[in-house]
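Residue numbers (the working numbering), protein chains in the order written: chain P, 1 to 462; chain S, 463 to 924. Working notes, beginning with the structure itself.
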């Protein structure tokens with residue numbers, strides 16, 4: 001194994017994220033999500049362990065499928081309350097030197113014109129350390145509260161997202177030429193008007209005739225993250241994403257997913273090695289296997305089954321509150337989540353809501369690795385070798401303890417094996433990960449750099 | 463004179479803000495607006511001078527009325543490029559202890575549901591030091607690029623803004639009761655579902671049936687800033703705003719404005735002394751009158767007339783590029799800006815575009831005070847006594863030099879006279895300014911705190 005494993009910290013601007021109920025653990029800090037210190041302390045810890053990025057998930061909405069209301073989610077602090085993730089980027093950059101910050105933003109709730117300004121601003125303030133996790137949003141509660149004015153469109157969300165990205169690329173890559181800002185104090189020219197272009201976008205969903213609001217930021221388009229698991233989602237990821245996330249406990253599923261993404265990425269004319277795949281994982285690591293197992297047993301006591309089921313119900317659209325806690329879940333309620341869980345027992349077992357909750361309750365849908373640094377390193381290495389995955393998106397159980405343990409115990413072991421970074425590369429997030437600063441020529445964004453040519457071609461088509 | 467003068471720094475996330483062309487001055491730092499250090503350095507300087515807040519103006523759009531295009535604005539860096547102001551709040555709070563941060567956000571470009579989350583997040587991260595400057599937006603270029611999806615509505619913008627605020631109040635004051643978040647680790651209750659309410663909003667422009675996304679922030683609704691000068695704008699300000707801005711060189715106009723705002727505020731059942739009015743002002747202060755005048759002469763050389771006229775054209779909707787630089791402006795082109803300028807010469811003079819530019823070029827539409835600390839303090843004091851204004855919104859000429867000079871020379875003089883603060887009060891921005899933490903009972907926001915009652919009353923009306 002020659003490549004170095006990438007670690008991202010999987011976080012969210014809320015309490016408990018993927019480990020419902022664990023906020024009640026005496027050492028958990030996740031309820032402090034509303035204080036900047038929570039984020040800057042975390043970032044400093046992660047940077048000691050050479051994490052590539054903090055990846056901040058988000059929902060604009062809440063989990064109200066379980067029992068048909070939001071009560072269980074509110075009571076257990078399950079991803080509600082939830083704050084704006086964007087505002088974490090600048091303070092984290094201020095407190096650290098290298099770590100990237102991946103911000104989730106949906107193509108369903110903000111116009112691409114104002115969004116492009118927001119993400120470019122974040123790229124400026126982080127000096128090029130920002131990523132954008134593109135989501136199309138799945139929670140009905142978000143759509144309901146933001147309504148049509150919020151750009152929500154259900155049936156065609158990937159079609160909207162496709163055009164949304166086109167507008168963002170035109171604004172961030174095409175509108176202001178690289179050397180448009182001259183800042184010539186002698187000649188009193190701040191920017192050269194000949195190098196700032198109207199994008200002239202006239203699409204099915206958006207009309208944006210004018211110029212972008214921001215000058216070129218360090219990365220122009222930030223590093224693009226995505227987590228599409230449907231066929232449409234995978235197609236979208238293979239076309240646009242630079243880092244893709246996959247969430248399943250199955251090595252086999254991950255292996256197929258990685259192969260499929262690389263294949264589709266190549267079919268799009270991209271370098272398949274430049275679409276990295278990270279797998280979700282939960283890790284409980286300590287000095288010895290015994291200590292790690294004891295920690296797991298202690299953590300487990302804090303799982304909120306009700307909270308876990310409100311998450312699973314939201315993800316799947318199935319109200320698990322309609323089952324008794326020990327009643328086996330019907331086969332016809334098969335869906336992404338259930339099939340993922342069934343894999344663990346080769347479909348031989350009927351899962352009950354309580355069993356589901358206990359399994360999802362620590363770190364969500366990925367595998368859970370428990371043990372000494374050696375044990376966990378073996379498992380990660382085996383996953384990488386078997387699946388060809390590029391790294392892991394680590395969900396916490398107790399925040400920040402999970403990450404502090406990974407940095408203290410696991411990272412040195414992986415470094416000793418030569419399969420984990422021992423320093424950060426210089427430059428922007430994209431430079432640190434890929435060695436280049438801008439999206440490459442074979443990425444669709446590059447096609448919008450000569451915006452005058454694009455406008456001529458689009459005019460010819462009309 | 464017994465009251466203490468309030469100083470706000472008038473800024474914008476762009477180059478040059480109200481002093482077009484001055485970015486080219488060798489000591490100007492405003493082109494560094496895209497670096498966090500620009501903002502944190504500024505905030506620290508202001509905090510040494512007990513400024514109440516940095517007030518960050520914003521436009522989503524650009525100045526393209528002058529000559530019918532954006533070229534002059536781009537060439538001279540006139541409020542374009544322009545970054546997202548919101549992302550300044552958290553880093554400034556991180557770098558300082560007391561100063562408030564007023565963020566401009568328009569009711570025309572983001573849905574109130576997502577906006578409420580953003581501003582509440584900023585209030586959390588600043589520990590209650592954030593203000594919201596409510597604007598309805600005036601630039602056609604913004605409307606054009608964001609379009610209908612961006613909620614833009616021209617003719618009825620104050621009607622939309624009124625309902626927008628209602629939704630925000632319901633979400634921030636009504637949805638989560640003060641003690642909804644219990645965080646009871648023993649009982650495993652994060653929040654009490656009985657104390658988290660659907661807001662059930664069903665209005666003319668927005669439908670928001672569900673709960674808010676954020677837990678109560680230190681101020682709940684942030685301090686409300688506004689700058690309405692039209693009759694509709696003043697009405698809106700007198701109803702909602704806690705700090706109002708006025709921009710005119712005329713003491714008489716300010717006096718009438720203050721009296722009118724206080725009167726209308728009282729008619730709304732509010733305490734007229736709790737709707738503070740700040741007047742825009744530019745200040746050039748130095749050790750002596752002579753040195754200050756010399757500084758002014760030096761600054762003046764950097765004014766971009768073209769830049770100033772693109773600003774004035776955007777504000778007024780009149781293309782001053784259609785005039786020759788020395789051709790008197792026609793009387794029928796009278797409007798807010800021209801009438802303001804005419805005041806300076808009692809309407810006896812016909813202004814040419816060049817004269818307009820030279821006047822607007824240093825600090826915009828407010829008066830310009832030049833001199834030693836004593837000279838400027840006399841002028842400010844006279845303004846306060848004559849107009850009953852509560853303080854000043856200080857525009858910079860050269861950033862950060864203007865503010866550093868005010869802190870170094872002017873503030874000690876005002877403190878010596880006993881008319882300027884010598885310390886910060888504890889607590890949130892609202893506590894520092896008004897001595898209380900939440901909007902008072904006679905403010906319209908308070909009417910949405912008992913949201914179940916509001917819903918019953920609204921249902922009865924239907």
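Cβ atoms here follow ideal geometry from the backbone N, Cα and C, with glycine treated the same way. All of these numbers come straight from a predicted model, not from anything done at the bench.
Straight-line measurement puts the Cα of residue 232 of chain P at about 18 Å from the Cα of residue 443 of chain P.
Contact between the stretch 636-644 of chain S and the stretch 671-687 of chain S is present, with at least three C-beta pairs closer than 8 Å. At a cut-off of 7 Å between beta carbons, residue 623 of chain S makes no contact with chain P. With distances taken between CA atoms, residue 5 of chain P lies nearest to P:421 out of P:308, P:130, P:368 and P:421.
When C-alpha distances from residue 123 of chain P are compared across P:89, P:110 and P:143, the shortest belongs to P:89. At a Cβ-Cβ threshold of 7 Å, residue 687 of chain S and residue 618 of chain S do not count as neighbours.
The secondary-structure analysis by DSSP pairs residue 120 of chain P with nothing; it has no beta-bridge partner.
In this structure, the CA atom of residue 782 of chain S is about 6 Å from the CA atom of residue 771 of chain S. In terms of Cβ geometry, residue 302 of chain P and residue 77 of chain P do not form a close pair [threshold 7 Å]. When P:427, P:251, P:248 and P:227 are compared, the shortest CA-CA separation from residue 105 of chain P is found for P:227. Taking the C-beta atoms as reference points, residue 828 of chain S is found nearer than 7 Å to residue 709 of chain S. In the structure shown, residue 818 of chain S falls within a helical segment according to DSSP collapsed to helix, strand and coil. Where residue 104 of chain P is concerned, the enclosing beta strand (DSSP E) starts and stops at 100-106. Contact between residue 854 of chain S and residue 740 of chain S holds: CB atoms are separated by about 6 Å, below the 8 Å threshold. Partner residues in the beta bridge of residue 469 of chain S, as assigned by DSSP, are S:854. Assigned with DSSP and collapsed to three states, residue 632 of chain S falls in helix. Separation of the CB atoms of residue 861 of chain S and residue 491 of chain S is rounded to 5 Å, and the pair is thereby assigned contact status at 8 Å.
According to the DSSP assignment, residue 304 of chain P belongs to no alpha helix (DSSP H), since it is labelled neither H nor E. Taking a C-beta distance under 7 Å as the contact criterion, residue 119 of chain P and residue 43 of chain P do not qualify as a contact pair. One finds nothing in chain P with a Cβ atom closer than 9 Å to the Cβ of residue 529 of chain S; even the nearest lies about 11 Å away. Sixteen is the threshold: since fewer than 16 other Cβ atoms of the shown chains lie within 10 Å of the Cβ of residue 386 of chain P, the residue is exposed. Assigned with DSSP and collapsed to three states, residue 382 of chain P falls in helix. Chain order gives no chain S residues near residue 133 of chain P, where near means a beta carbon separation below 9 Å; the closest approach is about 17 Å. Relative to the Cα of residue 307 of chain P, the nearest Cα in the group P:409, P:330, P:360 and P:209 belongs to P:360. Within the stretch 299-319 of chain P, the residues whose Cβ lies closer than 7 Å to some Cβ of chain S are 304, listed in chain order. Boundaries for residue 892 of chain S: no beta strand (DSSP E) harbours it, while the alpha helix (DSSP H) harbouring it runs 891-896, taken from the DSSP string. Remark: three or more beta-carbon pairs, one from each stretch, lie closer than 8 Å, so the stretch 135-146 of chain P and the stretch 59-70 of chain P are flagged as touching.
Contacts between residue 23 of chain P and chain S, judged by CB atoms closer than 7 Å, involve 652 in chain order. Distances from the alpha-carbon of residue 501 of chain S to those of P:31, P:91, P:33 and P:26 put P:91 closest.
Here residue 834 of chain S is bridged, per DSSP, to S:748. Assigned with DSSP and collapsed to three states, residue 215 of chain P falls in coil, not helix or strand.
Pairing residue 723 of chain S with residue 706 of chain S gives a Cβ-Cβ distance under 7 Å.
For the alpha helix (DSSP H) assignment, the uninterrupted runs of no fewer than 4 residues enclosed by the stretch 194-274 of chain P are, from N- to C-terminal side, 231-240 and 251-267. When Cβ pairs closer than 8 Å are counted between the two stretches, the stretch 450-460 of chain P is seen not to touch the stretch 506-513 of chain S, the count staying below three. Within chain P, the residues 193 have their CB atoms less than 7 Å from the CB of residue 533 of chain S, given in chain order. DSSP places residue 142 of chain P in the uninterrupted alpha helix (DSSP H) bounded by 140-146.
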